[in-house]
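The block underneath contains the structure these notes are about, expressed in C-alpha cells.
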Amino acid sequence: MKSIKILEKCLFVSVLFIAGTAAAQTSIQVGVASMITPVSAVKYYQQVVEYLGDKLGLPSEMVHRTTYDEIDVMLEEKKLDLAFICSSPYILDNQKFGVELLVAPQVKGSVDYHSNIIVHKDSTISTLEELRGYTFVFADPKSNSGRLYPTYLLAKRNESPESFFDSFQYSYSHNKSVEIVAKKRADGAAVDSIVYDFMVDSGSPYTRQTRIIHRSPSFGIPPVVVHPDISPDLKRSLLSVFLDMHKDPEGKAILDAMRIERFVEVPDSNYDGIRAMRAFIENNISELETAVSGEENNGEGKKETVRFGVLPRDNPIIAYERYQPLIDYLSRAAGVQVELHLEKSYPDVVNKLGEGKMSFALLGPLTYLDAYKRFDAPPIAKSKTDRGEVFYRSVIVTDLDGSIKEVSQLVDKKFAFAALWSTSGNLIPRYMLAWAGIHLDNLDSYHHYNYHDTVAKKVISKEFDAGAIRLSTAKRYEPYGLNIIAMSEPIPTGPVVVSPHAPYRIVQKIQKALLQMAEDKAGREVLAKLDPDLQGGFVAASDADYADIRQMINAVPTGCGKGCHPQVSF
C-alpha cells in the first residue's frame, strides 16, 4: 500500500511538471523528414505527434516536407520544436548550429540500421561494381543510407555518382526507391534497411520484386532531435514522454504499429561512422557538394535552361500572358534560364515531366497523383490563393434564367465538363453529381472541353444547361450571366512538381524562388497578375498533403458502379 501511494505521488508530481511546462509553451511543432516506416505509414507519425501533444496538454502539429533540407532549415530557424531526421543531416546540423539528440527508436533490440543496395529480383547484377553504367535511385541528397553510403563506396573506387552511373534520380522516400526498382524504372537503389524490413514484414509486393546485393555496416539510427535553444523544461518533458511511451497502452499501440519497441537515449558517438564517411569523401573527391549534396556540375559560367510547364486550363494566348511573367521572375530570382512550355493536353504535360523533357510543372491534384504514381515526380511547393488559403473549390454552374437551382434537377440535361484529367472541371464534379443521385447515364448528353473558359461560355450561351469549372473561373464570368448552384468541399491547391531527372541544385533554386515570392516586392507584383488561386504565393508541399484526395479517388462513391468516375487508382 505504501509503494502505491509513493507511485501516485510520483505520477502527480510528473503531471504538475508537464503542466507547468505547457503553461510556458503554446504549441508543439514536430518536423518529420526521415521516417523508419514507409511514407505510406506517415499516419503513425501523426499519431506520435498527437500523443506528444496530449501528454503535454498542448496543441501539436506535424510538419512533413518532401526533402530533408527543408526540415533542416526549419530546425535552424527555430520553426520546429523537435524533428525526426536522418542520421547524416544530424551530423551536419550538429556541426552547423548545434542541434541536439533527444532520443532514438529501438527496433528489434537495436539502435542501428544499414544501407541496402537493391536490384530487381530478375536482374543478373550481383555487386555494386556491376551497376556501373546502369541507372540508380537515391532517396534524398542528404540521406545517409540512401545517398551518402553508396557515394562513399564509389569514392573508395575514385568514382562519383556522375562518373559511375549512366544516370541517377532522387525518389525523396525510401519506399518509393524500392517501388521504382520493383517496376524496373531503374536498375538499382540504396534504401534504409528498417524501411525495407518494414515493407517485407507488411507483405509489400515491391520488396518481393527486389533483392539485396549489398548491406552496409551498422550506422546510428535516424534520431529525434531538438534545437539547442529549446527550453530546458520542454526538453525534459519531451524526453520523459518519449522514454515512457512504451509503458503506456496508447503509446505502445502506436509504437507496435511502427515496429518500434521503445525510444531510448543514445550517445553522439553512435554517429561517428557517418562522420568518418563524410570526412573520407571530403578528402578524396574534389567537390563534396557534387558527390554528397547531389549538385551536378554543369560547367562554370554556364546558365542552365530548364522547362516549366503548366496545365492547359486556358487557351494558349491567355496562358502565355498569365504565366510568362512568373517564368521571367523565376529566371531572375533563381539565376536559371527558365522557359515556359505549353502543351495541348494534361497528359502531355505529365508525360513530358516524366520523360525529363520538362523539369517543372504546375499541376492540379489529379495530374500530380498521376505524375507521382507513374514517374515518381514529387511536389516541391503548392500555391496559396488570394485569400491566403491552400485549397480551392470546384463549382457546378448554370445560366441566370433560374430554372435549375440544384444539382438534382440536372436529369436529362446537357452538361459540359472541362478536360478529362481536370480535378475541378471533371473529377470532383462527377463525384458531386453522383452524390446528388445524378450519374452520367442520367444526363441527356455531356462533353469535355479543354479550357474552363470554354465551359463557362458554353453554359452562358445556353449550348449546355450546366457545367463544371473552378470557382475562380466562375467568379470571372458571373457578371456575364453565370450562376453557381453547387460548390465542392475544399480541394488542395495544385503543386509545383519536379521531374525525377532534374538536377537537385536547380530544384533547390527554383523552390527557394517560389517560396520567397510573396515576401519579395517584385514577386508580389507578378503574383497579382496570376489566377486568384495563385495570388497568395507558394508554400512548401509534400505528398502527404494529397493523401485525402488520393483516398477519395481510390474509393468510388458507394452505390455508383456505373462508370461515372475515371478508372484510375493511386
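Numbering (the numbering used here), first residue to last: 196 to 765.
Here a beta-carbon is modelled for each residue, glycine too, at the ideal position from N, C-alpha and C.
Note that the coordinates shown come from a computational prediction; the quantities given were computed from them, not determined experimentally.
Residue interval of the beta strand (DSSP E) (run including residue i)
i      : result
Asn311 : 310-315
Val227 : 223-227
Leu557 : 555-557
Glu477 : From DSSP, Glu477 is part of no beta strand (DSSP E) but of the alpha helix (DSSP H) over 467-479.
Gly732 : 732-734
Ser386 : Looking at the sequence itself, residue 386 is Val, so the reference to Ser does not match. Taken as a continuous stretch (DSSP letters only), the beta strand (DSSP E) holding Val386 covers 383-387.
Paired residues, beta bridge with residue i - DSSP
i      : result
His409 : Ile312
Glu534 : Arg502
Asn678 : Thr593
Thr330 : Ser362
Tyr641 : Phe610
Ile665 : One detail in the question is off: residue 665 reads as Arg in this sequence, not Ile. Ser589, per the DSSP bridge assignment.
Val459 : Ala299
Ala576 : Val691
Within 8 Å, strictly: CB atoms of residue i and residue j
i      : j      : result
Glu334 : Ser355 : The question names Glu, but residue 334 is Ala in the sequence shown. No.
Gly341 : Ser372 : yes
Leu253 : Ile280 : no
Pro624 : Ala663 : yes
Asp424 : Lys274 : no
Phe414 : Ala299 : no
Gly328 : Asp361 : yes
Leu433 : Leu297 : yes
Asn339 : Ser399 : no
Ala278 : Val386 : no
Ser259 : Val227 : Per the sequence presented here, residue 259 reads as His, with Ser not at that position. Contact flag set, yes.
Ala750 : Gly731 : no
His409 : Leu349 : no
Ala736 : Thr261 : yes
Ile476 : Tyr347 : yes
Glu534 : Arg502 : yes
Pro511 : Gly689 : no
Arg403 : Ile313 : no
Three-state class that DSSP yields for residue i in the structure shown
i      : result
Leu780 : Residue numbering for the chain in the displayed model covers 196 to 765; residue 780 lies beyond these limits and cannot be assessed.
Ile425 : coil
Asn749 : helix
Glu490 : No answer about Glu490 holds up, because its pLDDT of 45 lies below 50 and its placement is not dependable.
Lys670 : helix
Phe212 : With a pLDDT of only 44 at Phe212, under the threshold of 50, the placement of this residue in the model should not be trusted; the figure read from the coordinates follows. Looking at Phe212 - three-state DSSP - the assignment turns out to be helix.
Ser764 : coil
Gly248 : helix
His369 : helix
Glu484 : Per-residue confidence for Glu484 stands at a pLDDT of 44, beneath the threshold of 50, marking its modelled position as unreliable; no derived number is given.
Val585 : coil
Leu145 : This structure gives no information on residue 145, because the portion of the chain shown stretches from 196 to 765.
Met453 : coil
Gly398 : coil
Lys497 : The predicted model places Lys497 with a pLDDT of 47, which falls under 50 and marks its position as unreliable; any figure quoted below should be read in that light. Three-state result, Lys497: coil.
Glu720 : helix
Gln301 : strand
Ala217 : Bear in mind that the predicted position of Ala217 carries a pLDDT of just 46, short of 50, making it too unreliable to give a figure here.
Pro189 : Beyond the ends of the chain as shown, which are 196 and 765, falls residue 189; an answer cannot be given.
Gly415 : strand
Ala631 : coil
Glu658 : coil
Asp335 : coil
Proximity winner among the options, relative to residue i (alpha-carbon distances)
i      : options                        : result
Arg454 : Gly304, Glu324, Asp382, Pro423 : Gly304
Gly504 : Tyr518, Asp267, Ile513         : Tyr518
Ile701 : His643, Tyr644, His536, Ala528 : Ala528
Gly551 : Tyr365, Leu343, Ala629         : Tyr365
Ala661 : Glu714, Asp715, Ile599         : Ile599
Pro685 : Phe586, Lys547, Gln532         : Phe586
Val606 : Asp639, Gly226, Val306, Tyr239 : Asp639
Leu249 : Phe437, Ala576, Ala556         : It should be pointed out that residue 249 corresponds to Asp in this sequence rather than to Leu. Checked all of Phe437, Ala576, Ala556; the closest Cα to Asp249 is Phe437.
Pro573 : Lys579, Asp565, Ser464         : Asp565
Gln711 : Val734, Val314, Asn353         : Val734
Gln706 : Val693, Leu548, Ala717, Lys716 : Val693
Lys719 : Tyr524, Ser554, Asp396         : The sequence as given places Arg at residue 719; Lys does not occur at that position. That would be Tyr524, whose Cα lies nearest to the Cα of Arg719.
Ile724 : Tyr515, Leu343, Asp317         : Just to set this straight, residue 724 is Lys in the shown sequence, not Ile. Cα-wise, what sits closest to Lys724 is Tyr515.
Boundaries (first-last residue) of the alpha helix (DSSP H) holding residue i
i      : result
Thr580 : First-last for Thr580: undefined, no H or E at that position.
His647 : 647-655
Ser255 : No alpha helix (DSSP H) contains Ser255, which is instead part of the beta strand (DSSP E) from 255-259.
Ala348 : Sequence check: residue 348 is Leu here, not Ala. Taken as a continuous stretch (DSSP letters only), the alpha helix (DSSP H) holding Leu348 covers 344-350.
Pro284 : 282-292
Ala566 : 560-570
Tyr541 : 541-550
Arg527 : 511-529
Ala708 : 699-710
Distance cut-off 7 Å: residue i Cβ against heavy atoms of the ligand GDP
i      : result
Val585 : Because no ligand of any kind appears in the structure shown, any question about the ligand GDP cannot be addressed here.
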